[in-house]
Every structure is written in structure tokens, then in C-alpha cells.
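Going by this note's numbering, the first residue of the sequence shown is number 138, and it counts up by one from there. Here's the structure, in C-alpha cells; my notes come after.
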Amino acid sequence: MPRNIYDEDHEAFRASVREFVERTLRPRAEEMIAEKTISRDIWLDAGKQGLLSLDIPEEYGGAGADDYRFNAVVAEEISAFNAATASCFGIHSDVCPPYIVDLGTEEQKQRWLPGIASGEKIIAIGMTEPSGGSDLAALKTTAVKDGDEWVINGSKTFITNGYQADLVIVATRTDPTKGAKGITLFVVEDGMPGFTRGRKLDKVGQEESDTAELFFENVRVSDENRLGPEGMGFISMMQRLPQERVGAAVSNTAHAAQILTETIEYTKERKAFGQPIGTFQHNKFKIAELVTKIEVTQAYVDDCIAAHAKGELTPVDAAKAKWWSAQVQNDVLDECVQLYGGYGFMNEYRVARAWRDARVTKIWAGSNEIMKELIGRDLGL
Ligand SMILES: Cc1cc2nc3c(=O)[nH]c(=O)nc-3n(C[C@H](O)[C@H](O)[C@H](O)COP(=O)(O)OP(=O)(O)OC[C@H]3O[C@@H](n4cnc5c(N)ncnc54)[C@H](O)[C@@H]3O)c2cc1C
């Protein structure tokens with residue numbers, strides 16, 4: 138079904154993102170897996186292409202696109218290359234900048250946004266802690282006021298871009314008596330005494346992304362690094378999670394659609410019993426089901442993209458798009474592996490990596506269970 142949310146400006150932009158993928162990313166695919174990271178020069182190249190700054194206003198070095206459909210185009214094209222790189226770029230460009238743009242002081246915007254836009258300053262967000270990620274309001278990392286400074290103690294885990302981040306938005310507890318209303322955000326900067334990182338975590342998939350534990354031991358930050366009002370951290374996160382979740386839905390769908398396209402080609406070439414495996418009725422019907430699932434999912438995700446571009450996407454609709462697309466992505470990729478037979482289990486095949494890479498999408502940025510909890514609550518249950 139033709140998609141109708143993009144116009145020619147978006148498609149022209151898509152062509153430039155594709156060009157970036159082919160020129161800069163694809164030749165480095167194996168290197169990114171081996172190094173478990175995206176090299177600095179790739180970040181800088183992405184910055185030069187204007188891919189990191191769509192949400193950053195022009196006066197701070199960004200593209201100031203103010204149209205989420207451009208963000209979605211980047212997410213779709215990078216996800217078609219691989220899921221991990223899309224997640225790192227997504228955290229850096231779509232998830233973190235809105236916090237600084239919306240909550241930052243003029244001085245903070247000038248200090249941080251130009252470097253984020255250019256790729257010189259890589260940014261991460263630390264919400265999840267070893268003791269739990271689903272129940273964000275229960276986070277334990279503390280920030281205690283001491284004169285004009287705050288002293289941060291605690292740790293975060295599973296943080297995307299965490300190993301190489303220059304800036305980390307850290308959710309802390311500033312008032313132990315106030316639950317969700319006692320959470321405040323700070324920006325911790327690379328090199329601050331007491332801020333250290335563990336190793337790059339060894340994941341089941343998405344090797345290309347750096348995912349790390351972060352430790353804060355008496356890290357002193359000035360009040361000028363507080364992001365937004367004291368006690369407003371939880372609400373600030375809840376307000377910005379829909380963009381993270383619709384971005385996840387865009388990526389999930391694009392990633393699965395790309396691998397399904399590659400799989401269909403494979404089933405036309407691979408033969409068994411003297412005929413292409415895709416022509417066996419079982420497989421033909423299976424592929425018909427998978428294509429239908431992707432297209433129907435795409436239609437809902439497109440509605441969410443269009444709604445978000447107009448500022449009308451609700452957190453509940455973002456939650457629906459996120460869990461559903463994650464489930465469909467995992468179901469589709471599992472069938473794709475089956476269609477590849479033994480090759481589908483070999484790491485050198487994209488389908489195998491994609492299958493492993495997809496597993497986390499039902500867990501991160503709010504698990505499928507938490508998404509259903511939000512939807513259920515909205516139904517008055
Ligand atoms: C590769 C990767 C990258 C990540 N990147 C980041 C990042 O950049 N920043 C960041 O802050 N976090 C990040 N995360 C963390 C991620 O968001 C959390 O893993 C996720 O929110 C789940 O938290 P948890 O792992 O502590 O699981 P838990 O909260 O311990 O949950 C365990 C299980 O219990 C279920 N559960 C919990 N509560 C309920 C409930 N009320 N009803 C039903 N089931 C429930 C969950 O769905 C899950 O299945 C990342 C995680 C991974 C794996």
C-alpha cells in the first residue's frame with residue numbers, strides 16, 4: 138500500500154540519508170560490530186549531514202526541522218541498515234535533545250546543543266538502575282544539595298551510548314519523601330570527578346551499540362547542570378517518552394520490513410525439491426501473512442508519525458504502536474530465520490543478526506508489559 142505521510146521534501150531528505158548509509162555506514166559495518174561502538178568520525182559525519190540535529194533549533198547549530206516526519210525518515214533508513222546504529226542515533230538525536238531544548242536555560246542550550254548537533258558531544262540518558270527500570274519512580278540514585286552544588290551517588294545500567302557519552306542526562310532522587318515528585322534531572326559531563334563507567338556490556342544482539350553501566354561516586358555538579366525544575370524529573374521523562382516510543386515503533390517496523398524484503402528475494406533464489414522455496418504453498422502463504430502484518434502495522438505507525446508531527450500523539454497511542462510493532466517485528470523476523478533454514482542461524486547472515494537484534498525491542502524503553510499496563514489504565518482498568 139502506498140504510504141501517504143511523506144511529501145517530496147521528505148523523500149529528497151530520505152535519498153540523502155540513504156547516501157549516508159551507503160557511503161559512511163555500510164563499509165564500516167564489520168568494524169562497528171568488532172569495536173562495539175560507532176566511531177567518532179561517523180558521528181561527526183552524521184553531524185555534518187544534519188542527521189543529528191533535527192530537533193535542535195537553528196540558533197544552536199541544529200536543523201530546526203520542527204517536523205517529526207524528518208526524524209522518522211532518519212530512523213527508517215538507519216534501521217534498514219541495522220537496529221543498533223538506529224538506536225544510538227535515536228537516543229542522541231531524538232530522545233535527548235528535546236530535554237535540553239524544552240527544559241534547558243539559555244546558557245545550557247548554548248553550552249550543549251551545538252556539540253550535540255555536530256556530533257562532537259555524544260549524549261546518553263540514564264534512567265534505568267540495576268535495581269529496576271520499569272518502576273522509574275522508585276529510582277535510587279541520589280542528588281543531595283551542598284551549598285551551590287549537588288552531590289550525586291548511585292549507578293545506572295544498560296545505558297545506550299553510555300560508554301562514549303560526553304554528556305549524560307541522569308535521573309536522580311532529590312527528595313526521598315516525595316516518590317515520583319522527588320526526582321530531578323542533571324547533566325553529568327565526561328571528566329567530572331567520581332563519574333566512571335563499567336565495561337561495554339556483552340549483549341545478545343546489537344553488538345554495534347555501546348551499552349554501559351555508569352557509576353556516580355560523590356560526583357559534584359553545579360546547579361547550572363540541573364535540567365528543569367527540582368522535583369519535575371519524572372514528569373519531564375513521562376512527557377518525552379512518547380517521542381522515544383513512536384521512534385521505537387518506526388524503527389521496529391522499518392527493520393522488519395527491510396529484512397522481510399531481503400528474505401523474499403532469498404526465497405525466490407533458494408531451491409529445494411527442484412523449486413524456489415518461496416513457491417511452496419506453505420511458504421507463499423506464510424510470506425503473504427508477514428507482508429500483510431508489516432503493512433497493517435505500518436499504517437498505524439504512520440498515523441502515529443503524522444499525529445506526532447502535529448503534536449497530537451497521545452502517550453497511550455505511542456504505547457500501542459511500540460508494543461505492537463515490537464511483537465510484529467519479532468514474529469516476522471523469527472519466520473524469516475525459518476525461511477533461511479540453517480543459514481538463518483549463521484551470524485554472517487543479516488537475518489540472523491536482525492533476529493537477535495530485535496529481541497530487546499519488547500523490553501527497552503518500557504517493556505511490552507508496561508505498555509499494556511498504560512493502555513489498560515487508560516481504559517479505566
Ligand atoms: C540494550 C539496552 C539498551 C537500553 N538503553 C537504555 C538507555 O539508554 N537508558 C535507560 O535509562 N535505560 C535503557 N535500557 C533499559 C530498559 O529501558 C530497561 O531494561 C527496561 O525498562 C526494563 O527494566 P528492567 O530491565 O529493570 O526490568 P524490570 O523492571 O526488572 O522488569 C522485569 C520484567 O518484569 C516485567 N514487569 C515489571 N513491572 C511489571 C508490571 N507492573 N506488570 C507486568 N510486568 C511487569 C517487565 O515487563 C519485565 O518483563 C536499555 C536496555 C537494554 C537491554
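Note that the Cβ used here is the ideal one computed from N, Cα and C, for glycine as well.
Can you tell me which residues form a DSSP beta bridge with residue i?
i, result
"residue 332", "353"
"residue 288", "281 and 357"
"residue 308", "322"
"residue 297", "348"
Using 8 angstroms for Cβ pairs, my map puts residue i next to residue j. What's the rounded Cβ distance?
i, j, result
"residue 234", "residue 250", "7 angstroms"
"residue 390", "residue 435", "5 angstroms"
"residue 271", "residue 507", "5 angstroms"
"residue 489", "residue 482", "6 angstroms"
"residue 493", "residue 396", "Not quite, the Cβ-Cβ distance comes to about 12 angstroms (not below 8 angstroms), so this is no contact."
"residue 260", "residue 298", "7 angstroms"
"residue 364", "residue 422", "About 52 angstroms separates the two Cβ atoms, so there is no contact after all."
"residue 232", "residue 262", "6 angstroms"
"residue 354", "residue 331", "4 angstroms"
Anyone know if the C-beta pair for residue i and residue j falls short of 8 angstroms?
i, j, result
"residue 289", "residue 305", "no"
"residue 200", "residue 216", "no"
"residue 279", "residue 314", "no"
"residue 186", "residue 224", "no"
"residue 380", "residue 445", "yes"
"residue 469", "residue 499", "no"
"residue 175", "residue 238", "no"
"residue 256", "residue 277", "no"
"residue 384", "residue 227", "yes"
"residue 316", "residue 254", "no"
"residue 218", "residue 181", "no"
"residue 158", "residue 243", "no"
Using a Cβ-based criterion (distance less than 7 angstroms to any ligand heavy atom), does residue i qualify as near ligand 1?
i, result
"residue 169", "no"
"residue 504", "yes"
"residue 265", "yes"
"residue 275", "no"
"residue 395", "no"
"residue 510", "yes"
"residue 340", "yes"
"residue 297", "yes"
"residue 517", "no"
"residue 335", "no"
"residue 307", "no"
"residue 325", "no"
"residue 278", "no"
"residue 289", "no"
"residue 271", "yes"
"residue 461", "no"
"residue 261", "yes"
Using beta carbons (cut-off 8 angstroms, strictly below), is residue i in contact with chain B?
i, result
"residue 369", "No chain B is present in this structure, which holds just one protein chain."
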